[in-house]
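Residue numbers (the UniProt record's numbering): 1 to 70.
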């Protein structure tokens, strides 16, 4: 079962694009890792996925959210 789906997520600050065209699907029991260089937008993307921030554009659908950071 899909617990999280993100389509065409984009985030920009002051007209500068941080990331764009992010598509993601997380199924129940999936394990994911988010890897990237400093300033690439990893923390911002996670905040968007859990609902702490809004994307500049795109759509996020959550069935139920389990967040386990290790």
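Glycine included, each C-beta is placed from N, C-alpha and C at the ideal position.
- At the C-beta level, residue 1 and residue 62 stay beyond 8 Å of one another.
- Per DSSP, residue 24 is one residue of the beta strand (DSSP E) stretching across 16-27.
- Taking all protein chains shown into account, residue 34 has fewer than 16 neighbouring C-beta atoms within 10 Å of its C-beta and is therefore exposed.
- Residue state for residue 34 is assigned as coil, using DSSP reduced to three classes.
- Secondary structure of residue 42 (DSSP, three-state): helix.
- Residue pairing for residue 47: DSSP places it in no beta bridge.
- Short of 6 Å from the beta carbon of residue 56, and not among the five residues preceding or following it, lie these beta carbons of its own chain, in chain order: 10, 11, 12.
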